[in-house]
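Residue numbers (the working numbering), protein chains in the order written: chain A, 7 to 352; chain B, 7 to 352; chain C, 7 to 352; chain D, 7 to 352.
Next comes the structure, spelled out in structure tokens:
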């Protein structure tokens with residue numbers, strides 16, 4: 007009953023096997039190795055087009071560095087007020103960009119709408135050089151509140167962004183969960199929907215540490231090798247990052263794992279919905295459930311060793327009574343059912 | 007009828023005379039001169055306590071540098087969503103602080119309330135090291151929308167801020183107008199109300215370029231000389247900045263000028279209120295009037311040479327129909343009356 | 007006998023008169039005024055070509071901001087090890103550029119040579135993305151040690167720089183002194199010799215505070231308005247900066263003043279050279295003299311009220327015994343002769 | 007014959023086994039897991055005192071972040087002109103510190119001496135706030151040119167640094183090699199010799215990616231958790247970094263591996279020294295050899311598949327003819343002997 011975070015799950019055995027296999031003999035350092043080269047190609051196949059790929063160590067680094075390539079230091083990034091870049095990276099975007107501003111925008115269920123973005127832009131009119139010009143829009147897929155953007159939603163947001171001169175970034179720390187949830191292609195959920203660059207996460211979904219920045223607009227990647235290097239995210243033994251991605255994509259493992267996590271979250275959400283006195287605060291669409299439980303349930307669950315955290319965000323609809331339950335590839339039916347049984351006990 | 011900005015007004019003749027007098031013989035460079043020394047003392051007398059004072063060239067620099075001394079690079083500054091630091095300095099605070107985050111907070115009439123600050127803090131809970139810790143509160147006096155905080159209002163905000171570990175900064179680009187409007191002492195509107203450091207403006211109120219950062223909590227000023235220098239705001243011929251402040255304070259000139267500007271704004275606001283089809287959008291309390299005029303009035307006024315700008319801010323109550331009218335020490339009764347006559351013509 | 011710094015001199019009366027004249031009526035803020043517009047044109051005439059001009063408050067700001075437009079944050083600027091950008095701006099360049107590196111290069115008499123630049127580049131080979139790529143060369147004219155680059159010297163350095171992909175910046179805090187010393191046109195000492203952008207100083211040579219960044223390669227100026235604004239160097243009452251430059255250029259005042267300062271420095275250098283037990287450490291070519299005096303002379307001079315400072319730089323040839331004597335437009339023959347008389351007394 | 011870099015070697019099997027063992031069940035994220043806790047204690051035992059330890063992903067990050075805790079943005083770090091922080095991190099220190107300056111100092115065999123540090127400080131006198139104050143000294147152990155500092159050498163440098171108010175940082179990317187080479191305790195080569203904080207490397211010596219920042223002066227670590235987080239170096243699945251260190255220290259594996267690499271380097275250096283027409287350019291003291299080979303040898307070796315790189319640094323004594331040969335834990339006697347045989351062939 008470990009629902010605290012998908013970061014608490016172990017790596018999938020096939021990821022570990024790949025690491026072991028990668029540990030053979032010598033390999034060029036700093037990404038010059040063959041596995042890294044293969045993985046860069048693999049990303050192209052996954053996304054059905056040429057892309058520029060840069061492996062990094064963490065999702066925070068991926069977001070901060072990707073955005074630093076999309077906005078000048080005097081620019082402004084619009085992002086959901088509950089997004090990871092705004093609330094969970096301790097100013098990583100501000101550091102990497104050299105001081106760009108994040109303008110937090112509200113939106114139901116962790117998602118932005120064109121209307122909300124337009125209103126934010128209208129309230130912050132361009133008056134160069136006084137105001138920071140809006141230069142990027144960052145979207146999170148799956149969102150910080152467990153929901154997903156449909157391709158049409160992404161497309162509408164990208165269209166608005168591009169019309170106003172903003173580049174579009176996707177925080178895909180849980181991109182696999184979104185792809186699995188929607189059953190559409192990675193391309194449809196990214197560049198075909200107008201995304202210029204994205205953070206592509208593997209860590210939460212079965213890797214040990216494997217994140218990447220993927221540029222669809224490759225002109226934006228021109229200086230990225232310098233940016234990654236000076237941030238300390240060019241790994242000398244790149245093969246060990248790359249090997250994880252190779253296994254991750256092999257045979258669609260990434261979508262299997264994400265689908266499994268999503269399924270467990272659905273089972274959990276359905277069970278909670280059925281409980282008297284419980285409710286969901288946001289629709290369960292990926293691998294996270296945001297809920298409040300019947301009176302006394304949290305205490306019973308903690309006493310039984312269940313792990314989960316309260317979740318507080320700007321515009322919290324639950325007034326502080328919401329918890330977050332995260333499923334991972336390693337979550338089992340038994341975990342979920344045990345949790346529900348205790349939660350529903352009288 | 008030049009109501010575009012108090013920055014468009016000339017300097018007061020006594021300021022110019024002081025500049026001419028300062029131009030005698032040699033003077034130590036970089037603030038080592040006698041006028042600068044006298045002015046540093048003068049600030050102490052104005053504020054009825056020891057202060058650390060640093061002259062700088064612009065209000066934007068004063069704000070950015072003051073805040074850089076109050077927050078670490080990974081910190082977060084709460085400020086009104088329509089404040090100058092958020093909307094008008096092109097990321098100056100982000101540059102000077104090394105990437106601190108500004109969390110914009112809404113509030114009626116350009117002012118923050120303890121409830122709004124508390125709500126913002128509650129939605130962004132401290133989870134070190136994930137979230138940027140809230141480290142400073144920046145208030146604007148007079149506010150960006152022409153209103154003023156009473157001492158008790160400032161005090162309540164400071165108390166909350168200090169209780170949560172936030173330092174309190176005051177953007178006093180129009181501090182003189184606030185002091186003149188409220189008729190209380192500078193001390194009552196600053197450190198006695200809990201302000202730790204402030205930006206003290208002279209430029210808009212009769213100087214040519216004279217701004218200062220004033221630290222009431224002098225421990226915060228420890229490294230400020232380095233910060234000012236590397237930002238290029240240590241002026242080699244400091245005497246010409248200092249001389250302006252000496253004349254500004256002499257005989258209470260600063261409050262006379264501010265009072266005159268406030269009075270003109272009141273005359274303007276009263277006149278507009280009396281017009282059929284016109285209205286104020288924010289109470290006139292200092293030297294600015296935010297209004298909409300009767301149909302056709304804007305066109306007639308512009309045709310007659312009047313100068314003023316539309317004013318758009320986040321949470322704009324007027325839906326884009328608001329104009330800003332700024333009075334300065336140089337605004338005359340004739341200006342105001344001519345404006346009102348044209349505005350009210352049928 | 008105030009030889010401490012040209013920053014200690016007063017402003018020239020014609021500069022003060024221009025300030026007074028500029029103080030008439032209203033003027034557009036933030037550089038939208040007529041005087042600023044005229045001055046931008048004036049710079050074009052002075053340099054015999056279209057230029058992009060941005061007024062700022064200090065020479066430190068001019069250098070830092072100019073370089074920030076010429077190098078990315080991951081770039082490297084080669085500069086003389088005794089240059090102002092390296093030794094006297096408290097990291098201003100590093101702040102404004104977002105962390106570019108300055109590679110200090112040694113060179114006799116405060117000047118760089120192509121050989122020294124080439125050796126520095128050779129020792130720091132390009133190995134992207136490991137090393138910071140060399141992106142700019144900053145030269146000081148007149149140099150920090152009172153010497154000047156002849157046009158051919160500048161040209162040779164620029165040619166090397168451009169061949170290696172480096173932009174060329176000129177720190178012209180004392181550009182007037184160099185132009186007056188060499189008797190060549192401003193164009194010959196700047197863009198015709200390969201300079202891409204320069205800091206153009208007026209403060210040390212008779213203004214109260216008047217500095218500018220001038221771009222000859224205007225493509226580099228594309229985002230400069232944002233850079234200046236966020237550094238707090240867009241002055242709201244720009245007319246008072248501009249008015250100084252208008253008077254500065256009027257009738258060649260700038261070169262008259264610089265020539266006068268240079269002449270006084272020559273008189274001083276000649277006199278010192280003639281003293282038994284004294285010597286110059288660097289050739290006097292502009293308005294500064296670097297010397298050591300006969301035993302006992304410094305004490306006698308100080309006792310008589312003379313002002314000057316010891317001068318220590320990397321690679322100091324004098325082992326700490328060198329003093330710097332700076333002449334300004336306000337230095338008089340009497341000052342110089344009195345100094346020499348006391349220095350030479352037995 | 008892969009002598010290109012110790013980064014090209016695989017990880018040691020015991021490191022890989024530890025990774026596999028760490029992959030059991032759930033573990034708290036972001037360093038809250040048990041392995042990370044154990045490793046933090048282990049560092050204390052290794053260094054015979056309480057330390058504050060922070061795991062990061064790369065050596066570049068360790069250096070940049072460690073130095074950011076030791077110097078303010080307006081400070082200056084003295085480092086060898088050929089050091090990694092100066093030449094190989096693409097401005098990482100400048101980014102992480104918010105713009106601190108690195109003052110490169112020359113020194114024979116990649117090492118600094120107190121005399122050289124003193125001379126550098128003397129040429130850059132403190133003139134607050136004009137010059138950037140010297141705030142840190144960064145030393146590399148083993149050095150970038152394969153040499154090591156004896157404890158007394160470190161001690162003399164630290165003493166000088168502390169006397170001048172500089173904190174002392176040690177870049178220990180190859181610290182294991184230095185400890186193994188000198189046969190003294192880690193404590194004697196760090197805090198007992200005056201080091202305040204160090205970068206402790208595991209990657210080059212048998213790990214896949216395992217680096218740490220170790221604070222001996224724990225007061226300097228106060229805000230480090232924020233710094234690491236915003237740089238994207240707080241790994242969500244920290245257990246996989248920690249597990250490597252646990253195995254690395256277990257049974258002294260780290261020193262065994264380093265000793266093996268050093269021994270291979272000695273064998274290589276001895277062999278090269280014996281070759282007619284070859285020479286070492288720096289004493290071989292750790293796991294690197296800097297040499298030039300007999301005419302024709304490089305070509306023969308490359309043709310036979312040997313891997314190595316030319317090595318160019320500032321002050322290069324070899325005029326561009328020097329190559330670097332790096333041994334790792336995985337280098338074999340056969341590798342070395344084959345290399346020497348080909349190099350020595352006529």
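Built from N, CA and C at the ideal position, the CB exists for glycine as well.
Among the options, the one whose alpha carbon lies nearest that of residue i
i, options, result
"residue 252(C)", "233(C), 47(C) and 332(C)", "47(C)"
"residue 101(A)", "233(D), 13(D), 85(D) and 25(D)", "233(D)"
"residue 248(A)", "151(A), 316(A) and 207(A)", "207(A)"
"residue 326(A)", "113(B), 131(B) and 87(B)", "131(B)"
"residue 17(C)", "236(B), 319(B), 25(B) and 14(B)", "25(B)"
"residue 268(A)", "161(A), 40(A), 182(A) and 174(A)", "182(A)"
"residue 322(A)", "286(A), 196(A), 126(A) and 163(A)", "286(A)"
Rounded straight-line distance, which links the Cα of residue j to that of residue i
i, j, result
"residue 76(D)", "residue 145(D)", "13 Å"
"residue 193(C)", "residue 84(B)", "49 Å"
"residue 218(B)", "residue 65(B)", "8 Å"
"residue 7(B)", "residue 107(D)", "51 Å"
"residue 288(C)", "residue 189(D)", "51 Å"
"residue 213(A)", "residue 341(A)", "21 Å"
"residue 257(D)", "residue 32(A)", "25 Å"
"residue 123(D)", "residue 51(D)", "32 Å"
"residue 301(D)", "residue 283(D)", "7 Å"
"residue 280(D)", "residue 351(D)", "13 Å"
"residue 186(A)", "residue 245(D)", "28 Å"
"residue 314(A)", "residue 70(A)", "27 Å"
"residue 155(B)", "residue 272(B)", "17 Å"
Interface flag, residue i vs chain B, CB-CB below 9 Å
i, result
"residue 209(C)", "yes"
"residue 215(C)", "yes"
"residue 307(C)", "no"
"residue 126(A)", "yes"
C-beta neighbour in chain A for residue i, strict 9 Å
i, result
"residue 197(C)", "no"
"residue 131(C)", "no"
"residue 93(D)", "no"
Those residues which DSSP pairs with residue i across a bridge
i, result
"residue 329(C)", "297(C) and 316(C)"
"residue 270(D)", "None, per the DSSP bridge assignment."
"residue 175(D)", "144(D) and 203(D)"
"residue 226(A)", "Note: residue 226(A) sits in no beta bridge, so no partner."
"residue 221(D)", "58(D) and 203(D)"
Any chain C beta carbon closer than 9 Å to residue i
i, result
"residue 161(A)", "no"
Residue i CB to nearest heavy atom of the ligand GTP below 8 Å
i, result
"residue 254(C)", "For the structure depicted, the ligand GTP is absent and the ligand set is empty, with no information on it obtainable."
Taking a cut of 8 Å between CB atoms, which residues from the region 219-239 of chain D lie near chain B?
-> 229, 231, 232, 233, 234, 235 and 236
Taking a cut of 8 Å between CB atoms, which residues from the region 51-73 of chain C lie near chain A?
-> none
Positions along the region 134-155 of chain A whose CB lies within less than 9 Å of some CB in chain D = none
In the region 86-116 of chain C, which residues sit with their C-beta less than 7 Å from some C-beta in chain A, listed in chain order?
-> 104
Taking Cβ-Cβ distances below 9 Å as the criterion, which residues of the region 293-306 of chain A are in contact with chain D?
-> none
Closer than 7 Å, Cβ to Cβ, to anything on chain A: give me those residues from the region 163-177 of chain B, in chain order.
-> none
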